[in-house]
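Sequential numbering of the sequence shown, starting at 2, is according to my numbering. In what follows, a single structure is set out as structure tokens and then discussed.
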Amino acid sequence: MSYTMIQINHLINKLKKIGVFLILLMCLSCNKNAQLEKEIEAISMDLKVERFDQAFMKITEKTLPFYKTAYPFLFPNHISDSVLLERTKDPIQKLIQKSVDSVFSDFQETEAEVIAFYKHLKYYNPSLKKPRVITVFSDVDYRNKVIVTDSIVLISIDNYLGADHEFYESFYSYIRKNLKRDQIVMDLADAYATRLINQPRRNTFLEELIYHGKKLYLKDLWVPLAEDSTKIGYNDNELFWANDNEFYIWQYFIENELLYSTDNKLVGRFITAAPFSRFNLELDSESPGALGRYIGWQIVRSYMENNSTSLLQMLQMDAQSLFNKAKYKPRK
Numbered sequence: 002m003s004y005t006m007i008q009i010n011h012l013i014n015k016l017k018k019i020g021v022f023l024i025l026l027m028c029l030s031c032n033k034n035a036q037l038e039k040e041i042e043a044i045s046m047d048l049k050v051e052r053f054d055q056a057f058m059k060i061t062e063k064t065l066p067f068y069k070t071a072y073p074f075l076f077p078n079h080i081s082d083s084v085l086l087e088r089t090k091d092p093i094q095k096l097i098q099k100s101v102d103s104v105f106s107d108f109q110e111t112e113a114e115v116i117a118f119y120k121h122l123k124y125y126n127p128s129l130k131k132p133r134v135i136t137v138f139s140d141v142d143y144r145n146k147v148i149v150t151d152s153i154v155l156i157s158i159d160n161y162l163g164a165d166h167e168f169y170e171s172f173y174s175y176i177r178k179n180l181k182r183d184q185i186v187m188d189l190a191d192a193y194a195t196r197l198i199n200q201p202r203r204n205t206f207l208e209e210l211i212y213h214g215k216k217l218y219l220k221d222l223w224v225p226l227a228e229d230s231t232k233i234g235y236n237d238n239e240l241f242w243a244n245d246n247e248f249y250i251w252q253y254f255i256e257n258e259l260l261y262s263t264d265n266k267l268v269g270r271f272i273t274a275a276p277f278s279r280f281n282l283e284l285d286s287e288s289p290g291a292l293g294r295y296i297g298w299q300i301v302r303s304y305m306e307n308n309s310t311s312l313l314q315m316l317q318m319d320a321q322s323l324f325n326k327a328k329y330k331p332r333k
């Protein structure tokens, strides 16, 4: 097919107009987001992270009663005072404290991130009551990095010393990579998302995808300035792989009729944190783990982009209805 010069110029002008329109849309979106962030920043949040991890190591026989009154939930009745005091002198505890003090020598930045998170949480959940946020030691229990209740939040700060820290040498690399300070707020968001969505029973693979997609979408709202890689716990290369292969991941799920499968093994293959996802193909070792979460995230994002609905309505929607209206079509 040949084009005249007039047709070519017309096409160029049309493309220019489309480009200008897209730029205007982007500018409007940026301005809207900037205004929203200003509104959230103005929210009053008189919150201070209580550094119990530091205070505990300075406890003496004289000050112990004060701390037992101030933090009764951290002093089990079955542990004697003598054992508690001995623990403050324990060489391992002192080593942990030294490492924490080194990594978090300036805690102000981390505290500011925590406060910013709670402001966003308050904006989207006006009924939220400010909790006490307390840092503790957990002897590096990475399975319980954050504990959230209605009034108290515990952050096991010894789980955020950096992926290469000596305490984590025996851990698998896919676990170590997220034991760093920028994951504190991510773990808080994940814990609150779990409480908010409250969908303990999931029967099909699609329900798993959407559940985890909703959790990650909440991070989009609650921690909007964070990189997508940080939200999902990938490094840059892993996120690039997921983005680059989104179409083929989805194609695999469809062609193998996985969406409505009730096979529990799919959770281990594509949802649970792991060194890689298991397609049972040669490329498995190249892929990041938990790609089902990534796909669910894109489905929920697509739904919110294509539907005028409130956040609460989306969170309460069943997986099938959300998927049907998401118009999710990854690009090849």
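In this text, a Cβ means the ideal position worked out from N, Cα and C, and glycines have one as well. Note that the coordinates shown come from a computational prediction; the quantities given were computed from them, not determined experimentally.
Buried or exposed, going by whether 16 or more other CB atoms sit within 10 Å of the CB of residue i?
i	result
Phe-105	buried
Val-84	exposed
Phe-241	exposed
Leu-12	Caution applies to Leu-12, whose pLDDT of 49 falls short of 50 and renders its modelled position unreliable; the model cannot decide the point.
Arg-299	The sequence as given places Gln at residue 299; Arg does not occur at that position. The residue in question, Gln-299, is buried, as its Cβ has 16 or more Cβ neighbours within 10 Å.
Arg-332	exposed
Glu-239	buried
Arg-270	buried
Leu-86	exposed
Glu-167	exposed
Lys-95	exposed
Lys-131	exposed
Leu-226	exposed
Tyr-173	exposed
Tyr-169	buried
Ile-255	exposed
Using a Cβ-Cβ cutoff of less than 7 Å, which residues in the same chain neighbour residue i once the five nearest sequence positions on both sides are dropped?
i	result
Phe-277	Asp-285, Ser-286, Ser-288, Pro-289, Gly-290
Leu-16	Residue placement at Leu-16 cannot be trusted, given a pLDDT of 49 that sits under 50; what the coordinates show is reported in the next sentence. Answer for Leu-16: no residue qualifies.
Val-186	Glu-114, Val-115, Phe-118, Val-224
When you compare only the Cα positions, how much space is there between residue i and residue j?
i	j	result
Asn-236	Ser-230	6 Å
Arg-52	Ser-139	14 Å
Ile-272	Asn-246	17 Å
Met-2	Leu-282	Interpretation of Met-2 is limited by its pLDDT of 45, a score under 50 that renders its predicted location unreliable; no figure is taken from the coordinates.
Asn-325	Gln-314	15 Å
Ile-97	Phe-76	19 Å
Tyr-295	Lys-99	37 Å
Ser-171	Val-154	28 Å
Lys-39	Lys-266	45 Å
Met-1	Thr-89	The structure shown has nothing for residue 1, since the chain only spans 2 to 333.
Ala-56	Ala-190	26 Å
Asp-47	Arg-133	11 Å
Gln-184	Val-147	11 Å
Tyr-161	Asn-307	37 Å
Thr-61	Ile-80	16 Å
Asn-126	Val-301	19 Å
Tell me where the alpha helix (DSSP H) around residue i begins and ends.
i	result
Thr-70	65-71
Arg-177	174-177
Ser-157	Not the alpha helix (DSSP H): Ser-157 falls in the beta strand (DSSP E), residues 153-157.
Lys-95	92-104
Gly-297	292-307
Arg-202	Counting along the chain, Arg-202 falls outside any alpha helix (DSSP H), and DSSP gives it neither H nor E.
Gly-163	Note, Gly-163: premise wrong, no alpha helix (DSSP H); not H, not E.
Gly-1	Residue 1 lies beyond the residue range present for the chain, which begins at 2 and ends at 333; the question has no answer from this structure.
Glu-87	82-88
Assuming residue i contacts residue j (C-beta within less than 8 Å), just tell me the rounded distance between them.
i	j	result
Thr-111	Arg-182	6 Å
Phe-118	Trp-223	6 Å
Thr-205	Leu-260	7 Å
Lys-215	Leu-122	Going by Cβ atoms, the distance from Lys-215 to Leu-122 rounds to 15 Å, so no, they are not a contact pair.
Ser-309	Tyr-329	Not a contact, Cβ separation roughly 17 Å.
Asp-305	Tyr-218	For the record, residue 305 in the displayed sequence is Met; it is not Asp. Yes, they are in contact, since the Cβ atoms of Met-305 and Tyr-218 sit about 7 Å apart, within 8 Å.
Leu-180	Ala-192	Not a contact, Cβ separation roughly 16 Å.
Ala-320	Leu-197	Going by Cβ atoms, the distance from Ala-320 to Leu-197 rounds to 16 Å, so no, they are not a contact pair.
What residue range does the beta strand (DSSP E) around residue i cover?
i	result
Glu-133	Reading off the sequence shown, one finds Arg at residue 133, where the question assumed Glu. First-last of the beta strand (DSSP E) with Arg-133: 133-137.
Val-147	147-149
Ile-44	Segment: none, Ile-44 is in no beta strand (DSSP E) and carries neither H nor E.
Sorted by chain position, which residues of the same chain lie with C-beta nearer than 6 Å to residue i's C-beta, five sequence neighbours on each side aside?
i	result
Tyr-212	Gln-200, Arg-203
Phe-67	none
Ile-158	Asp-54, Val-101, Thr-136
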